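Trainee: Note that my numbering has the sequence shown beginning at 1015, numbered continuously upward.
Note that CB positions come from ideal geometry on N, CA and C, so glycine has one too.
None of the values given here were measured: they were computed from a predicted structure.
Pasting a structure below so you can have a look.
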Amino acid sequence: MTKIKASMAGTVWKIVVSEGEEVKAGQDVVILESMKMEIPISAESDGVVKRIIVQEGMFVNEEDDLLEIE
């Protein structure tokens, strides 16, 4: 199981996948907003989204878990 982590502190602007969805390495899964910029967070490997940990509008810190891929 791989946990996708926030690369920087910011607000979860959009979650672009859903639980049970297959994702490919490099595919955007979450978009953070920080300092008026959109920061896409990508899957690091192929897999299936097992659990989305965050919700849109939540504030996250750098290295916080966003979702799990199996």
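Does the pairing of the region 1069-1078 with the region 1047-1054 give three or more beta-carbon distances under 8 Å?
Mentor: no
Trainee: Write down the C-beta distance between Val1037 and Asp1060 rounded to the nearest angstrom, noting that I regard them as a contact closer than 8 Å.
Mentor: Looking up residue 1037 in the sequence shown gives position 23. Looking up residue 1060 in the sequence shown gives position 46. Going by Cβ atoms, the distance from Val1037 to Asp1060 rounds to 7 Å, so yes, they are a contact pair.
Trainee: What would DSSP say about Lys1050, mapped onto helix, strand or coil?
Mentor: What you label residue 1050 is simply residue 36 of the sequence shown in a count that begins at 1. Note: Lys1050 maps to coil in three-state DSSP.
Trainee: Measure the alpha-carbon distance for Ser1021 versus Val1044 and round it to whole angstroms.
Mentor: One-based indexing of the sequence shown puts residue 1021 at position 7. One-based indexing of the sequence shown puts residue 1044 at position 30. Approximately 11 Å, taken between the alpha carbons.
Trainee: What are the boundary residues of the beta strand (DSSP E) that Ile1083 is part of?
Mentor: Walking along the sequence shown from the start, residue 1083 turns up at place 69. Unbroken beta strand (DSSP E) run through Ile1083: Asp1079 to Ile1083.
Trainee: Tell me whether Glu1036 sits in a helix, a strand or coil according to DSSP, three-state version.
Mentor: Numbered from 1 along the sequence shown, position 22 holds the residue referred to as residue 1036. Of the three classes helix, strand and coil, the one that applies to Glu1036 here is strand, per DSSP.
Trainee: Given this structure, state the Cα-to-Cα distance separating Leu1081 from Glu1047, to the nearest angstrom.
Mentor: Within the sequence shown, residue 1081 is the residue found at index 67, counting from 1. Within the sequence shown, residue 1047 is the residue found at index 33, counting from 1. So the two alpha carbons sit approximately 17 Å from each other.
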